[in-house]
Structure formats: C-alpha cells, structure tokens
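First the structure, in the form of structure tokens, and then the observations on it.
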Amino acid sequence: MLLIETFRVALQSLWINKLRSSLTILGLVIGILSVVVITTLGNAAQADMTSAFDEYGRGRINVNLLFNANRSVQYRDFFSDDDIDALEGMESDVAAVSPELRRWMNIQHGNKQMRIDMMGVNSNYNKVERIDLIRGRFFTEEDVLGRRNVMVLDEKAARYLFGSVDIIGEVVSLSTGNFSVELMIIGVDKLPDSAILNMAQGDYSYGYMPITVASRMYFTDRYPRFMLQAQEGLDLNIVSERILNLLERRNKERGMYRVFTREGEFNQVTQGLGFLTATVSGIAAISLLVGGIGIMNIMLVSVTERTREIGIRKAIGAKMSVIMLQFLVEAVILSIVGGFLGLLIGGAISFGIVNMLGLPFLISKNSIMLAFLFSTVVGVVFGVYPAHKASKLDPIEALRYE
Amino acid sequence: MIDIKEINKIYKTGNIEVHALKDINLQIQEGEFVAITGPSGSGKSTFMNIIGCLDRATSGIYILDDAMIDDLSDNELASIRNEKIGFVFQSFNLLSRTSALKNVELPMMYAGVPRKERKERAMEALRRVGLEDRVDHKPNELSGGQKQRVAVARALVNKPAIILADEPTGNLDSKSTQEVMDLFKSLNEEGATILIVTHEQEIAEQTKRMITFKDGEIIVDKELKREGNI
Ligand SMILES: Nc1ncnc2c1ncn2[C@@H]1O[C@H](COP(=O)(O)OP(=O)(O)O)[C@@H](O)[C@H]1O
Ligand SMILES: [Mg+2]
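Below you can see the structure in the form of structure tokens.
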C-alpha cells in the first residue's frame with residue numbers, strides 16, 4: 002500500500018485522539034524545547050564573547066608583578082619608565098605599551114559620589130585597550146608629560162554623577178586615603194557592546210588619568226604592571242617570550258612575573274561556556290529519552306486498545322508490513338510534530354530571552370535539522386516495538402478481543 | 017471452487033485438546049448459496065475461519081481457486097483474504113470512528129486501488145445495499161441492520177470469490193434480518209458465492225444448500241432447491 006495512504010490513516014487516528022496525542026508529545030516538546038533554548042543561549046553567549054574579544058584585546062599582553070612569588074617583592078622588581086621605553090623600543094614586536102597604576106578611589110561631583118577604579122596610564126593606552134569615546138578625547142603625550150590634571154570617565158559613572166554624558170570641562174574631585182585631587186574631564190568612554198560584559202560588570206565604573214598624575218598621588222614612579230599591544234599577526238606566545246627575555250636582560254627575574262594574554266583568557270571563558278552548554282543540553286537531552294518512552298507507552302496502550310481494529314484490518318487483507326507501518330508512522334508523526342513544536346516554542350522562548358539580554362539570536366540550520374532528525378529517530382526507535390507487536394497479532398484472536 | 021479434503025482442526029489449550037473439526041470433506045461450486053447450521057460449539061466458526069483463510073487447519077488439504085492454501089505464508093493469506101474473500105461478522109466489525117464510506121473503501125485500500133476509483137466503487141457498493149444516503153455516517157450513528165449492510169457492502173466491494181457470513185443476523189431484529197437476507201439472495205442471483213452460518217431454520221431455508229455440523233463433523237448436506245445449483 003502507498004505510504005501516503007498509511008500517512009493519511011495515521012493522521013486520522015491521531016486526530017481522533019487529539020487530547021491523548023497532544024499529551025503524548027508533551028514530553029518530547031519539552032525535551033526539544035529545552036535543548037533548543039539552552040543551545041541558543043549558549044551560542045548567543047559565545048558569539049557575544051567572541052565579538053567582544055575581537056573588539057577588546059586581540060593581540061594584547063599584560064605583564065604583572067607577582068606578589069606571591071618565591072621571594073618577597075623588592076623595589077627593583079617594579080617597572081620603571083626606562084623599562085617601558087625599552088619595551089617600546091622592540092618595534093617589530095610591540096605596537097604600544099602603557100604602564101598602569103591602579104587604585105579604587107572615591108569620585109565626587111556636587112553631592113554625588115561613588116567608588117571608581119582609577120587607572121593611571123599613558124597616552125598610548127588607547128592603542129592597547131580599545132577606548133571608544135562618545136565625548137571628548139583621550140589624553141595626549143603633552144597631557145602626560147605636562148602632568149595635567151585631566152581624566153577620562155566611563156559612561157556609567159558620567160550618567161550617575163552628572164545624569165548626562167555632555168560633561169567635557171567639568172571638574173570632579175578624586176580621593177584615596179587622605180590625598181585628593183581635582184581633575185577635569187576631557188573624555189567619556191562608551192560602555193562595551195557586549196551584553197554579557199556589561200552584565201558581568203554590574204555597577205563597576207572606571208576612569209583613566211595620566212600616569213604622571215597617578216605617580217604623584219601614590220608617591221611612586223614604579224609600576225607593578227604594564228599592558229602591551231603586540232604588532233598585528235604575531236604569535237603572542239613568541240612575543241611574550243621576547244618580552245621576558247628583554248626584561249631578564251634588564252635584571253628582572255623571570256619568576257617574579259606573570260604574563261597574561263587576552264586570547265588565553267577568552268579561550269578559557271568561551272571553552273567553559275561551550276562545555277557548560279554541552280553539559281546542560283546533554284542533561285536536557287535525557288528528557289528527550291523520557292519523551293520517547295512516553296510515546297512508546299502510549300503506542301503500546303494504543304495497540305492494545307485497537308486490537309479489534311487491527312483484527313478487522315487484517316481480516317480484510319492488511320499485511321503485517323502494512324499494520325507495522327501504520328503504527329510506526331503514527332509514532333513518527335507524533336515525534337516529528339513534537340520536535341517541530343519544541344523547536345517553535347523553544348525558538349520563540351530563546352528569541353525572547355536573547356532579545357531581552359541584548360545578545361545575538363543565532364539558530365543554525367544544523368540544529369534545526371538535528372532536532373528533526375533526533376525526534377524522527379526517537380519516534381522510530383520507540384515506535385518499532387509497539388508496531389511490531391501490532392503486526393504480529395493473530396487476526397482471529399484480535400477479532401475476538403473485547 | 018472450494019475443495020476441502022480431510023480437514024482437521026485441533027485446538028490445544030494447555031493439556032486440553034479440542035478436536036473442533038474432524039475429517040471434513042466438502043466441495044462448494046461457484047455461485048452456490050450455502051447455509052451452515054448446527055448447535056453451538058459444533059465447529060461452524062472454526063470451519064468458516066479456515067475457509068476464510070483467517071486460520072489454518074491442523075491437517076488436510078484446502079484448495080481455493082486452484083491455490084493450495086495450506087502452503088501459503090501469512091502475507092499471502094492476507095492477499096487471498098483481500099482479493100477473494102468478503103467477510104460479514106455477527107458483531108459487524110466496522111472501524112468504529114470511521115465513516116461508512118471509508119469502511120467500505122478499506123479493502124480496496126489494501127488492494128492498492130487508486131483513491132478516486134476507490135471512492136466511486138465504495139459509493140456504488142453502498143448504493144447496492146441501499147445506504148447511499150448514509151455514506152458519511154459513522155457506525156454508532158447507524159442501526160444494527162444498517163451497520164450490517166455497510167459490512168455487506170465492504171464484503172462485496174472487492175468482488176470476492178466468496179462471501180462468508182458468520183451469524184450475520186445474530187444481532188439483528190427480524191426486519192433487519194430479512195433485509196440482509198434479501199441482500200444476500202439478490203447478490204447470489206447476480207452470481208456471488210455465499211456461505212452463511214446460522215442456527216435459525218427460517219434463514220437456512222432461504223438458501224440453496226444446507227450443511228449441518230455436529231461435534232466437528234458434517235452430519236447433513238442437502239440441497240434445498242433445484243434451481244441455481246451447477
Ligand atoms: N481458539 C480456540 N481455542 C480453543 N478452543 C476453541 C477455540 N475456538 C473454538 N474452540 C472450540 O472449538 C469448538 C468449536 O467452536 P466454534 O467453531 O466456535 O463453534 P460454533 O461456531 O459452531 O459455535 C468449541 O468446542 C470451542 O470451544
Ligand atoms: Mg460460532
């Protein structure tokens with residue numbers, strides 16, 4: 002008999018038992034739905050992180066002085082301006098270097114104040130870290146050398162303190178311990194595009210001031226850390242090695258420093274995210290199994306219930322294969338419809354969540370195909386046994402069944 | 017057309033054996049109209065099931081239209097049932113949530129008849145049994161007599177070699193019984209071979225040949241009318 006005919010008969014009997022059919026596929030719908038939601042969210046998060054990485058920090062190397070190394074830190078371990086100049090001299094490897102002096106400070110404007118992560122950096126810093134100013138400018142070499150009392154504030158702090166980002170020329174006062182200074186705002190830095198970074202930052206705010214101003218505030222001309230932008234296309238491990246070699250030649254002990262590359266950090270984060278997504282979808286996939294067992298259960302009930310129908314069909318001339326196919330097709334239709342609904346609802350839910358979080362909505366053709374493939378397989382696997390049972394029924398006994 | 021030699025049927029249920037048919041020999045020609053009677057438990061249904069290829073004899077030879085039925089596989093038996101046999105049961109055995117039309121189409125569906133032709137022939141068959149205005153009714157919207165006429169339409173729609181009816185009027189009132197019997201009679205006049213199991217004398221008398229079973233054996237086999245028998 003034609004497959005289409007079997008298909009029509011299967012649809013008919015599923016339609017007759019609408020409520021039961023829908024309850025049967027519920028398990029599968031929820032299973033597919035959760036896998037779709039989890040993978041979509043995972044993919045969105047990964048894509049967001051990757052684009053954030055492309056924007057902030059490809060080719061970036063940080064070198065930090067270790068305060069918990071074998072021996073205690075000495076004055077000579079800190080980086081001097083000469084060290085920074087020497088690094089800058091590695092022109093074929095290094096595009097830009099900036100030392101960093103960093104401290105939590107109190108920032109105040111009128112009666113509003115907040116904690117802010119203040120970084121003393123040089124004018125090259127905007128080649129090391131991506132600085133995306135929405136107002137004003139970053140400080141120049143003259144600002145740094147002239148030790149001018151200027152600063153760049155992030156958008157969040159600007160909005161909190163001033164309720165606006167049009168604050169170029171405004172003066173704020175910064176204090177740490179018993180030292181305080183008045184700085185003029187010359188630039189406002191835009192929030193990152195990445196929704197995840199923003200979320201992770203919470204109410205974190207930051208500002209930049211010339212390293213020379215920071216030096217004077219903290220009474221030091223030595224820095225525990227510098228950031229460096231490697232020349233484009235270089236292997237960061239090799240560049241790191243050359244940097245450490247240079248530092249060694251300048252009497253710095255290798256063991257006292259730790260080198261970070263953003264690449265490494267990002268890879269860790271995205272790998273972790275990928276692993277998490279895979280694990281959680283794996284757990285969700287178990288619910289697909291439960292959904293499949295639900296289908297098998299109902300198909301078995303259905304075979305028993307329809308014993309007489311099977312008897313009639315056989316008496317009238319249905320071959321075993323036809324009966325088998327009929328029940329198998331029913332199971333597969335159930336599971337495909339379940340898969341489709343799961344995909345649809347899961348897609349809608351994840352679209353909603355992703356939109357709310359401001360993440361990109363990525364649903365791949367592959368995952369759609371996979372969802373269908375998987376639900377078909379579930380239908381076949383869990384439908385075979387009931388269908389086989391139906392096809393094996395003895396027609397006389399089936400006809401006698403009440 | 018039907019040639020049965022030394023057929024035995026033994027049911028085994030645990031240690032108990034029931035010898036339901038004992039050395040049955042019988043021939044039925046095309047166009048016959050046969051009543052099978054006998055007390056309950058005498059083996060009538062067992063006999064009909066074997067004739068109808070729903071069941072197999074324990075021993076003996078059954079030839080239907082030159083085919084040795086005993087040698088055939090289950091799937092081949094299904095084809096024989098589909099092509100050569102039309103069943104009418106005491107309890108109607110219609111698909112309950114399916115319209116009269118679809119019920120009648122069912123045998124043709126398994127025979128691979130195209131949709132359009134199937135529908136036309138099903139309509140024709142329902143017209144033949146006088147139910148052309150009930151085609152879209154489901155069995156529970158039909159009376160017992162109407163249900164059995166749908167079943168007759170289903171049995172005749174594939175133009176089978178024989179129509180087998182096991183107590184087709186057992187669940188019907190006398191008016192419906194007569195309607196169904198009239199239907200069988202006219203079908204037989206048109207050339208159909210019909211076997212009816214019944215324990216009602218009046219019904220048996222409307223056929224042309226009466227075979228009586230007792231304890232798994234044929235005790236009477238007599239012609240009732242001269243005309244029509246070949
Ligand atoms: N499936 C079966 N298993 C065991 N015994 C059966 C079975 N079917 C029928 N019988 C027995 O075979 C005998 C004939 O039954 P049946 O052909 O149904 O008689 P009838 O139709 O004449 O009433 C009865 O004794 C019955 O109990
Ligand atoms: Mg009987």
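Sequence order for the protein chains is F and G.
According to this note's numbering, the first sequence is numbered sequentially starting from 2.
According to this note's numbering, the second sequence is numbered sequentially starting from 17.
Just so it is clear, CB atoms sit at the ideal spot from N, CA and C, and this is done for glycine as well.
Since the structure is predicted, the reported quantities are computational estimates derived from the model, not experimental observations.
Is the shortest distance between the beta-carbon of residue i and the beta-carbons of chain C less than 7 Å?
i: GLU398/F; result: Considering every chain present, this structure includes no chain C. Its protein chains are F and G.
Rounded to the nearest angstrom, how far is the Cβ of residue i from that of residue j, given a contact under 8 Å?
i: GLU101/F; j: MET228/F; result: 6 Å
i: ASP211/G; j: ILE52/G; result: The amino acid occupying residue 211/G in the given sequence is Leu; Asp does not appear at that position. Confirmed, about 6 Å.
i: ASP196/G; j: GLY161/G; result: According to the sequence displayed, residue 196/G carries Val and not Asp. That pair is a contact at about 7 Å.
i: ILE117/F; j: SER206/F; result: 5 Å
i: THR278/F; j: GLY60/F; result: With 8 Å as the limit, THR278/F and GLY60/F do not qualify as a contact, their Cβ atoms being about 27 Å apart.
i: LYS230/G; j: SER58/G; result: 5 Å
i: ASN24/G; j: LEU37/G; result: 6 Å
i: ILE85/G; j: LEU180/G; result: The Cβ separation is near 14 Å, so there is no contact.
i: GLN164/G; j: VAL104/G; result: 7 Å
i: VAL309/F; j: ILE324/F; result: According to the sequence provided, residue 309/F is Arg. The question's Val does not apply to it. About 13 Å separates the two Cβ atoms, so there is no contact after all.
Would DSSP call residue i helix, strand or coil?
i: PHE229/G; result: strand
i: GLU48/G; result: coil
i: HIS35/G; result: strand
i: GLU403/F; result: coil
i: TYR386/F; result: helix
i: ILE246/G; result: A caution first: ILE246/G carries a pLDDT of 44, below 50, which makes its placement in the model unreliable, though a value can still be read off. It is coil, neither helix nor strand.
i: LEU80/G; result: strand
i: ALA181/G; result: strand
i: ILE18/G; result: strand
i: MET197/G; result: helix
i: LYS393/F; result: coil
i: PHE362/F; result: coil
i: ALA316/F; result: helix
i: LYS28/G; result: strand
i: SER181/F; result: strand
i: SER14/F; result: helix
i: LEU42/G; result: strand
i: ASP94/F; result: coil
Just mark residue i as buried or exposed, buried being the case when its beta carbon has 16 or more other beta carbons within 10 Å.
i: SER22/F; result: buried
i: GLN222/G; result: buried
i: SER89/G; result: exposed
i: ASP190/F; result: buried
i: GLU130/F; result: buried
i: THR185/G; result: buried
i: SER159/G; result: exposed
i: VAL166/G; result: buried
i: PRO387/F; result: buried
i: GLN1/F; result: With chain F covering only 2 through 403, there is no way to say anything about residue 1/F.
i: LYS393/F; result: exposed
i: PHE180/F; result: exposed
i: ILE246/G; result: In this predicted model, ILE246/G has a pLDDT of only 44, less than 50, meaning its place in the structure is not dependable enough to derive any value.
i: ILE135/F; result: exposed
i: MET257/F; result: buried
i: GLY54/G; result: buried
i: ARG242/G; result: Caution applies to ARG242/G, whose pLDDT of 49 falls short of 50 and renders its modelled position unreliable; the model cannot decide the point.
i: ASP111/F; result: Reading the sequence as shown, one finds Gly at residue 111/F and not Asp. By the neighbour-count rule (16 or more Cβ atoms within 10 Å), GLY111/F is not buried but exposed.
i: VAL172/F; result: exposed
i: ASP83/F; result: exposed
i: ASP167/F; result: exposed
i: ASN238/F; result: exposed
i: VAL291/F; result: exposed
Below 8 Å, how does it come out for the stretch 132-151 of chain F and the stretch 200-211 of chain F: are there three or more Cβ pairs, yes or no?
yes
Measuring CB atoms only, is the stretch 123-137 of chain G touching the stretch 150-165 of chain G, in the sense that at least three cross pairs come out at less than 8 Å? no
Compile a chain-ordered list of the residues in the stretch 316-330 of chain F whose CB is closer than 8 Å to at least one CB of chain G. ALA316, ILE317, GLY318, ALA319, LYS320, MET321, SER322 and VAL323
Taking contact to mean at least 3 C-beta pairs separated by less than 8 Å, is the stretch 390-399 of chain F in contact with the stretch 55-72 of chain F?
no
Determine, using beta-carbon pairs with one atom in the stretch 369-384 of chain F and one in the stretch 339-347 of chain F, whether at least three such pairs fall under 8 Å.
A contact exists between the stretch 369-384 of chain F and the stretch 339-347 of chain F.
Would you call the stretch 79-87 of chain F and the stretch 290-297 of chain F in contact, with 3 or more CB pairs under 8 Å?
-> no
Taking only beta carbons into account, state which residues of the stretch 13-39 of chain F come closer than 7 Å to chain G, listed in chain order. ILE17
- [ ] Would you check if the stretch 72-80 of chain F and the stretch 214-225 of chain F touch, i.e. whether three or more CB-CB distances between them fall below 8 Å?
- [x] yes
Does the count of Cβ pairs from the stretch 268-279 of chain F and the stretch 312-328 of chain F closer than 8 Å reach three? no
Per the contact definition of three or more C-beta pairs closer than 8 Å, is the stretch 186-206 of chain G in contact with the stretch 41-51 of chain G? Contact holds: three or more Cβ-Cβ distances are below 8 Å.
(request) Check whether the stretch 29-48 of chain G touches the stretch 328-335 of chain F, counting contact only when three or more Cβ pairs, one atom from each stretch, lie closer than 8 Å. (result) Result no; under three Cβ-Cβ pairs closer than 8 Å.
Count the C-beta pairs between the stretch 12-19 of chain F and the stretch 231-248 of chain F that are closer than 8 Å, then say yes if the count reaches three, no if not.
-> No, the stretch 12-19 of chain F is not in contact with the stretch 231-248 of chain F.
Can we say the stretch 44-56 of chain F touches the stretch 357-366 of chain F, given the rule of at least three CB pairs closer than 8 Å?
-> yes
**Cβ-based contacts, 9 Å cut-off: residues of the stretch 287-313 of chain F near chain G** = ARG309, GLU310, GLY312 and ILE313
Evaluate the contact criterion for the stretch 301-308 of chain F versus the stretch 345-362 of chain F: three or more CB pairs, one atom per stretch, below 8 Å. no
(request) Check each residue of the stretch 145-157 of chain G: if its Cβ is closer than 9 Å to any Cβ of chain F, include it; give the result in chain order. (result) none
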